[in-house]
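Asks:
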Amino acid sequence: MKRSVYGPTLLSLLGILVIVLVSGCGSSSRVRYDSPQDAYEKGKDRYDQEKYDQAILFFQGAFDFGRTHEWASESQLYLARSYRANKDYLLAANEYARFTQIYRSDPRVADAEYELALTYYDRSPSYEFDQTDTERAIEQFRLFLSRYQDHPLVLEAQARILELREKLARKKLDVAKMYERLRRYEAAAMSFEMIFDNYYDSSLADDALVGAMRNYLEYGTKSVTSRQAERFQLVIDNYDRLIQIFPDSPLIKEAEVLFDEAVRQLGRAQTD
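First residue of the sequence shown: 461, per this note's numbering; consecutive thereafter.
1. Can you tell me whether D634 sits near the ligand NAP, meaning its C-beta is under 7 Å from at least one heavy atom of the ligand?
2. At a cut of 8 Å, does the stretch 668-676 reach the stretch 630-641 through at least three beta carbon pairs?
3. Which residue from K627, P567, Y580 and A729 puts its Cα closest to that of F601?
4. Looking only at C-alpha atoms, which of A649, P710 and S663 sits nearest to F692?
5. Cα separation between V717 and L711?
6. Helix, strand or coil for L613? Go by DSSP, reduced to three states.
7. What is the DSSP secondary structure of D661, counted as helix, strand or coil?
8. Our contact map puts L624 next to A597 with C-beta atoms below 8 Å; I'd like the distance itself, whole angstroms only.
9. Nearest-angstrom Cα distance between L613 and D566?
10. Residues in its own chain within less than 8 Å of V714 by CB, not counting five upstream and five downstream?
11. Give me the Cα-Cα distance between Q730 and A689, rounded to the nearest whole angstrom.
12. If you draw a straight line from the C-alpha of S533 to the C-alpha of S586, how long is it?
13. When you compare only the Cα positions, how much space is there between S454 and D498?
14. In this structure, does DSSP put N554 in helix, strand or coil?
15. Give every residue of the same chain whose Cβ lies closer than 7 Å to the Cβ of R687, excluding the five residues on either side of it in the sequence, and list them in chain order.
16. Give me the Cα-Cα distance between V482 and R527, rounded to the nearest whole angstrom.
17. Using the three-state DSSP reduction, which class does N675 fall into: helix, strand or coil?
18. Among the candidates P707, F706, E616 and D700, whose CA atom is the shortest distance from the CA of D720?
19. What's the gap between the Cα of A647 and the Cα of V635?
20. Taking the beta carbon of D505 as the centre, do at least 16 other beta carbons fall within 10 Å, making it buried, or is it exposed?
21. If we require 4 or more residues per run, which alpha helix (DSSP H) segments fall completely within the stretch 569-639?
22. For C485, which residues of its own chain have a beta-carbon under 8 Å away from its beta-carbon, when the five flanking residues on both sides are left out?
23. In chain order, which alpha helix (DSSP H) runs of at least 4 residues are fully inside the stretch 666-711?
24. Step through the CB atoms of chain C and report whether any lies within less than 8 Å of the CB of V569.
25. Look at the alpha carbon of F656 and the alpha carbon of R630, and state the distance between them as a whole number of angstroms.
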């Protein structure tokens with residue numbers, strides 16, 4: 461059998477040469493670019509084609525040449541946008557934050573802060589689940605509103621806050637209804653009241669007041685005689701709030717039945 465004319469050292473060198481040739485230029489083994497402008501323009505081309513994975517590599521490649529060249533801010537912003545379009549929301553949030561920190565004088569910082577809020581908005585789940593990202597989105601939108609009161613996106617930010625608060629209110633409403641099903645009437649009544657107090661601008665605010673009335677009435681009827689009057693009075697107080705703030709609520713008739721019963725029970729408690 462013939463022995464190979466290539467020794468182990470030569471084979472090793474050939475292997476290294478192959479790796480180097482495959483690597484190509486630029487920082488990634490999958491993309492090629494010759495300058496920061498080349499990296500940005502190729503990244504933007506892939507972004508426009510919705511090839512976000514490739515766009516990310518090119519935008520990252522622009523930073524092989526530093527973060528102070530004329531294409532750096534563009535690359536940073538579109539890197540964040542590429543991550544968001546690719547539904548990598550946490551990575552997008554990090555890159556938007558980096559853009560606002562490094563390029564503070566850039567006129568697009570306000571847009572970047574709004575888009576940063578959108579990354580948490582995008583992650584906000586259905587109301588049945590943990591609402592940490594919903595709360596973060598509200599916080600970011602409010603920060604945007606406090607800083608850019610004349611921005612064209614102010615009305616849109618306000619609408620998104622209302623939408624997110626509605627979700628939080630619905631989750632709290634589910635908790636209150638759970639207490640009611642368990643016949644924990646005091647906890648249910650207080651939970652309904654807190655929904656009204658904290659989410660008065662939601663579509664569930666009148667539901668919350670009627671829920672509080674319903675549960676204070678039940679709580680009162682099951683209380684010791686000495687505490688009944690104050691609890692029936694809470695039914696009446698919540699009815700007064702309902703008719704003053706929501707005079708056209710479709711729940712007025714239901715509330716009137718609860719109110720009448722509370723007045724009757726209060727009269728009885730005060731004569732006992």
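A virtual CB, placed ideally from N, CA and C, is assigned to each residue, including glycine.
Replies: This is what the structure holds:
1. Absence of the ligand NAP is noted for the structure shown, with no ligands found whatsoever.
2. Taking a cut-off of 8 Å for Cβ pairs, the stretch 668-676 and the stretch 630-641 touch, as three or more such pairs fall below it.
3. For the set K627, P567, Y580 and A729, the Cα lying nearest the Cα of F601 is the one of Y580.
4. Of the candidates A649, P710 and S663, the residue whose Cα lies closest to the Cα of F692 is A649.
5. C-alpha separation (whole angstroms): 10 Å.
6. Reduced to three states, the DSSP call for L613 is coil.
7. Looking at D661 - three-state DSSP - the assignment turns out to be coil, as it is neither helix nor strand.
8. Confirmed, Cβ separation roughly 6 Å.
9. Rounded to the nearest whole angstrom, the CA to CA distance from L613 to D566 is 18 Å.
10. Looking at the sequence shown, residue 714 is not Val but Glu. The answer, listed in chain order, is V670.
11. About 7 Å.
12. S586 has its alpha-carbon roughly 35 Å from the corresponding atom of S533.
13. Because the chain here runs from 461 to 732, residue 454 falls outside it and cannot be looked at.
14. Looking at N554 - three-state DSSP - the assignment turns out to be helix.
15. Once the five neighbours on either side are set aside, R687 has no close Cβ partner at all.
16. Residue placement at V482 cannot be trusted, given a pLDDT of 33 that sits under 50; what the coordinates show is reported in the next sentence. Roughly 27 Å between the two C-alpha positions.
17. In this structure, N675 counts as helix in the three-state DSSP scheme.
18. For the options P707, F706, E616 and D700, the alpha carbon positioned closest to that of D720 is the one of D700.
19. One alpha carbon belongs to A647, the other to V635, and they sit about 10 Å apart.
20. Exposed is the call here.
21. Runs of alpha helix (DSSP H) with 4 or more residues, each lying fully within the stretch 569-639, are found at 569-583 and 592-607, listed in chain order.
22. Confidence at C485 is low in this model, with a pLDDT of 44, below 50, so its placement is unreliable and no value can be given for it.
23. Counting only runs of 4 or more, we get 685-705.
24. Among the chains in the structure shown there is no chain C, since it carries only a single protein chain.
25. C-alpha separation (whole angstroms): 11 Å.
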